[in-house]
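Student:
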């Protein structure tokens with residue numbers, strides 16, 4: 009004889025068809041079904057919405073780079089103003105993506121963030137700060153007079169892979185609070201497009217782009233944008249948008265202002281690793297001195 013557990017699924021299935029207890033538990037099950045909430049992993053928080061705005065800006069940057077720069081070049085159009093407007097729009101969208109990326113982290117710390125927030129952030133960063141700047145470099149190699157298309161394509165691949173590796177490492181490596189390992193991908197993307205907009209000769213431009221890609225996968229420590237640093241970064245982004253707008257609409261001195269802003273971005277990207285390396289060297293020397301002092305009788 010088989011004994012059936014009254015709480016088992018088989019026992020409950022029997023009750024639905026033949027047992028007198030059907031009316032006792034079916035309404036309860038229906039209430040549970042009607043009141044069932046969406047799984048937590050499927051809910052979008054405010055921070056997630058900002059992250060999706062980041063991804064949208066990255067995609068639209070690719071769109072404007074294609075329709076405003078690449079297609080006119082391939083069709084033989086001489087509308088340089090349109091190309092300038094589209095280049096400025098693409099870079100402004102990358103800057104706006106950086107604003108979304110900055111704000112979603114701040115909002116996530118203040119409010120609730122969903123379980124898939126970190127994954128959404130990495131995927132959005134890959135679009136806005138990996139694909140968009142790499143594609144910008146690729147198109148630059150196709151439209152610039154002194155550029156070599158195959159070499160620029162390799163440089164674009166290096167940028168994209170550097171961002172992929174940096175984001176993967178960020179998900180796996182635990183750093184001390186307040187620090188990033190390697191140049192953050194938004195900062196790296198803005199530095200790459202600044203190098204292109206500076207309109208240097210092709211060889212120095214390519215070498216500088218590869219140098220930025222190396223910094224993104226390096227072990228150089230960068231501070232996280234929090235507090236005063238976050239405000240300073242946001243102010244810098246807004247100022248950069250203004251410079252790009254002045255350049256796009258051919259304002260008096262717009263070209264000079266843009267080149268000055270790009271040069272400052274590149275100088276900042278080169279200066280931070282020097283400060284970080286100097287600080288690590290000083291810390292190492294200080295620790296060695298303390299170790300030697302501790303060994304003395």
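Numbering (our numbering), first residue to last: 9 to 305. Built from N, CA and C at the ideal position, the CB exists for glycine as well. These figures come from a predicted structure and were not determined experimentally.
Quick check on DSSP: helix, strand or coil for residue 187?
Tutor: strand
Student: Quickly, what does DSSP pair residue 231 with across the bridge? List them, please.
Tutor: Per DSSP, 187.
Student: Should residue 193 be labelled buried (16 or more other beta-carbon atoms within 10 Å of its own) or exposed?
Tutor: buried
Student: Would you be able to state if there are at least three C-beta pairs under 8 Å between the stretch 127-134 and the stretch 236-244?
Tutor: no
Student: Determine contact between the stretch 113-124 and the stretch 148-156, defined as no fewer than three beta-carbon pairs at a distance below 8 Å.
Tutor: no
Student: Identify, in the order they occur along the chain, each residue of the same chain with its Cβ nearer than 8 Å to the Cβ of residue 273, setting aside the five sequence neighbours on each side.
Tutor: 198, 199, 202, 248
Student: Please classify residue 112: is it buried, with 16 or more other beta-carbons within 10 angstroms of its beta-carbon, or exposed?
Tutor: buried
Student: Are there 16 or more other CB atoms within 10 angstroms of the CB of residue 62, so buried, or fewer, so exposed?
Tutor: So residue 62 counts as buried.
Student: Measuring straight from C-alpha to C-alpha, what distance separates residue 166 and residue 144?
Tutor: 13 Å
Student: Residue ranges of each alpha helix (DSSP H) run of no fewer than 4 residues wholly in the stretch 96-175, ordered along the chain?
Tutor: 125-134, 140-151
Student: Examine chain C for any beta-carbon lying closer than 8 Å to the beta-carbon of residue 122, and answer yes or no.
Tutor: Checking the listed chains, one finds no chain C in this structure; it contains a single protein chain.
Student: Residue 170 and residue 225: beta carbons closer than 8 Å?
Tutor: It is a contact, given that the beta carbons lie within the stated cut-off.
Student: So what's residue 39 in DSSP terms, helix, strand or just coil?
Tutor: At residue 39, the pLDDT of 46 sits below 50, so the modelled position is not reliable and the matter cannot be decided from this model.
Student: Going by DSSP, what residue range makes up the alpha helix (DSSP H) through residue 58?
Tutor: 54-73
Student: For residue 207, name the three-state secondary structure that DSSP assigns.
Tutor: coil
Student: Going by DSSP, what residue range makes up the alpha helix (DSSP H) through residue 78?
Tutor: Looking at the DSSP string, residue 78 is not in any alpha helix (DSSP H), and its letter there is neither H nor E.
Student: Leaving out five residues on either side along the sequence, give the residues of the same chain with a beta carbon under 6 Å from the beta carbon of residue 216.
Tutor: 203
Student: Please classify residue 229 as buried or exposed, where buried requires at least 16 neighbouring CB atoms within 10 angstroms.
Tutor: By the neighbour-count rule (16 or more Cβ atoms within 10 Å), residue 229 is buried.
Student: Taking the alpha carbon of residue 163 as the reference point, which residue from 181, 142, 256 has its own alpha carbon closest?
Tutor: Ranking 181, 142, 256 by Cα distance to residue 163 puts 142 first.
Student: Thinking just about the alpha-carbon of each residue, which of 213, 137, 282, 91 is nearest to the one in residue 159?
Tutor: 213
Student: Tell me which same chain residues have a C-beta within less than 8 Å of the C-beta of residue 38, skipping the five on either side of it?
Tutor: Residue placement at residue 38 is flagged as unreliable, the pLDDT there being 46, under the threshold of 50; the coordinate-derived value follows with that caveat. Taken in chain order, the list of residues that qualify is empty.
Student: On a Cα-Cα basis, can you pick out the residue from 211, 205, 244, 296 that is closest to residue 107?
Tutor: Of 211, 205, 244, 296, the residue nearest in Cα terms is 244.
Student: Would you please state the rounded distance, in angstroms, between the beta carbons of residue 91 and residue 69? I believe it to be under 8 Å.
Tutor: About 15 Å separates the two Cβ atoms, so there is no contact after all.
Student: When you compare the CB positions of residue 277 and residue 265, do they come within less than 8 Å of one another, or not?
Tutor: No, they are not a contact pair.
Student: For a quick check, are the C-beta atoms of residue 59 and residue 125 less than 8 Å apart?
Tutor: yes
Student: With residue 261 as the anchor, note down where its alpha helix (DSSP H) starts and where it stops.
Tutor: From DSSP, residue 261 is part of no alpha helix (DSSP H); its letter is neither H nor E.
Student: With DSSP run on the structure shown, which of helix, strand or coil describes residue 268?
Tutor: helix
Student: Taking its Cβ as the centre, do 16 or more other Cβ atoms sit within 10 Å of residue 261, making it buried, or is it exposed?
Tutor: Counting every other CB atom within 10 Å of its CB across the protein chains shown gives residue 261 a total below 16, marking it as exposed.
Student: If you reduce the DSSP assignment to three classes, tell me which class residue 250 lands in.
Tutor: The answer is helix: DSSP assigns residue 250 an H, G or I state.
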